[in-house]
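*Asks:* This is the structure I have questions about; it appears just below.
Pasting the structure below:
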């Protein structure tokens, strides 16, 4: 039975498993990468021979998502960050053996997440990232964004200061205007 592999994800173990892929496009069984050079164990999919796949950090919520156009040879897997407010940064790594440069998507926490502290979260925790995964060193205190609930670490003095002046030199205080003390 023929399968349109340009629109239907087709898992495979060998190139023979891709033989039912219909159309004029040549498909091959390609392993899916974790983004660090290692492969997702026992997981391969029928992709156009010309397909390129993003490298994706699955530990920080990256998801390999098939994209392409029906009937074309432009299908591939792209990395989509599952928690872009927390982890959407890419990083470039060089394989020390081959010298190959690779860009890994969703590979690091955004600079504003737990700024000033330590953010300890990964997908194996089976819960979305949140302020509870942020630890602020003393004497800093944790505040949580009113928009997006992202944590930051600030001085206790800055967190308690309020400005009533509209003068740009003295206010407003962005801490208290946009963040609340974490409970």
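Numbering (the working numbering), first residue to last: 2 to 184. For each residue, glycine too, the CB sits at the ideal point set by N, CA and C.
1) Going by C-alpha distance, which of 126, 93, 141 is nearest residue 61?
2) With DSSP collapsed to three states, give me the class of residue 184.
3) Under a three-way DSSP split, which group does residue 98 fall into?
4) Taking 8 Å as the threshold (C-beta atoms), are residue 93 and residue 102 in contact?
5) State the start and end residues of the unbroken beta strand (DSSP E) segment that holds residue 21.
6) State the start and end residues of the unbroken beta strand (DSSP E) segment that holds residue 143.
7) Does the distance from the CB of residue 107 to the CB of residue 89 come in under 8 Å?
8) Please identify the residue among 47, 144, 147, 26 whose C-alpha is closest to the C-alpha of residue 9.
9) Just the Cα atoms here: how many angstroms apart are residue 135 and residue 156?
10) Using CA coordinates, which residue listed in 145, 149, 13 is at the minimum distance from residue 44?
11) Considering Cα atoms alone, identify which of 149, 91, 20 is closest to residue 104.
12) Let me check understanding here. Comparing Cα to Cα, which of 84, 50, 182, 122 lies closest to residue 147?
13) Which residues in the same chain have their Cβ closer than 7 Å to the Cβ of residue 3, if we skip the five residues on either side of it in sequence?
14) Applying the 10 Å Cβ sphere with the 16-neighbour rule, what's the burial state of residue 114?
15) Distance check for residue 78 and residue 145, CA to CA, integer angstroms please.
16) Between residue 123 and residue 95, what straight-line distance do the alpha-carbon atoms span, to the nearest angstrom?
17) Grab me the residues of residue 149's own chain with a C-beta within less than 8 Å of its C-beta, minus the 5 sequence neighbours each way, in chain order.
*Replies:* According to the structure data:
1) 126
2) coil
3) coil
4) yes
5) Looking at the DSSP string, residue 21 is not in any beta strand (DSSP E), and its letter there is neither H nor E.
6) 141–146
7) yes
8) 47
9) 15 Å
10) 13
11) 91
12) 182
13) 21, 23
14) buried
15) 34 Å
16) 23 Å
17) 86
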